[in-house]
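Enquirer:
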Amino acid sequence: MNLASFNALPTSAAQAAIAHCVAIPRWQQALAAARPFASLAALLAEAERLTQAWSRDDLEQALLAHPRIGERASGAEKEAALSRQEQSAMGDADAALKQAMRAGNQAYEARFGRVFLIRASGRSGEEMLAQLQRRLTHDEPTETREALQQLREITLLRLKESLL
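Here our numbering runs 14 ahead of the position in the sequence shown, where the first position is 1.
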């Protein structure tokens with residue numbers, strides 16, 4: 015879809031068109047309501063501005079739609095397909111790296127009570143593991159801020175890619 019098509023959609027269809035970007039309905043609603051956009055840059059700026067209001071509750075809601083790093087996203091939905099594509103580096107990882115990521119995911123979930131989230135696109139499996147290990151040293155507020163930033167990056171990347 016291009017920007018002109020997105021601008022022309024009925025509000026409910028516009029929300030549905032960006033639902034795969036992040037599972038936060040109020041963000042979808044607000045972005046759809048802000049149309050029309052004069053340019054892709056204006057759309058991305060508004061989308062990013064709207065992400066700044068996200069809270070820990072929004073993070074928890076969005077994480078329900080994100081698989082663990084290294085685990086294959088199930089389902090035929092667009093979001094599952096994007097997760098599989100974004101995490102493709104883990105599909106090529108050796109057994110030791112996959113095991114280290116599983117152990118890291120378990121440690122992260124035990125420490126923070128949620129799935130580890132990172133913008134996987136463009137990162138190697140080794141880099142994602144190093145980031146997971148680094149983030150295990152965070153306190154809760156620091157890690158929540160970093161996880162929200164990763165969610166913003168994922169969301170904006172998906173939005174940009176869907177409108178190019």
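C-beta atoms are modelled at their ideal positions from N, C-alpha and C, and glycine is treated no differently.
Check each candidate in ILE168, GLU175, LEU58, LYS174 and name the one with the smallest Cα separation from HIS80.
Expert: ILE168
Enquirer: Which of the three DSSP states, helix, strand or coil, is assigned to LEU131?
Expert: coil
Enquirer: Confirm, please, whether the CB-CB distance from LYS112 to GLY84 is below 8 Å.
Expert: yes
Enquirer: So, is LEU143 buried or exposed, given that buried needs 16 or more other C-beta atoms within 10 angstroms?
Expert: LEU143 is classed as buried because its beta carbon has at least 16 other beta carbons within 10 Å across all chains shown.
Enquirer: So, under 8 Å CB-CB, ARG172 and ASN119 are touching, yes? Tell me the CB distance rounded to an integer number of Å.
Expert: Their Cβ separation, rounded to whole angstroms, is 22 Å, which puts ARG172 and ASN119 out of contact at 8 Å.
Enquirer: On the premise that THR65 lies in contact with TRP41, defined as a C-beta separation below 8 Å, what is that separation, rounded to the nearest angstrom?
Expert: 7 Å
Enquirer: State whether the stretch 32 to 40 contacts the stretch 141 to 157, with contact taken as three or more CB pairs (one from each stretch) at a distance under 8 Å.
Expert: Result no; under three Cβ-Cβ pairs closer than 8 Å.
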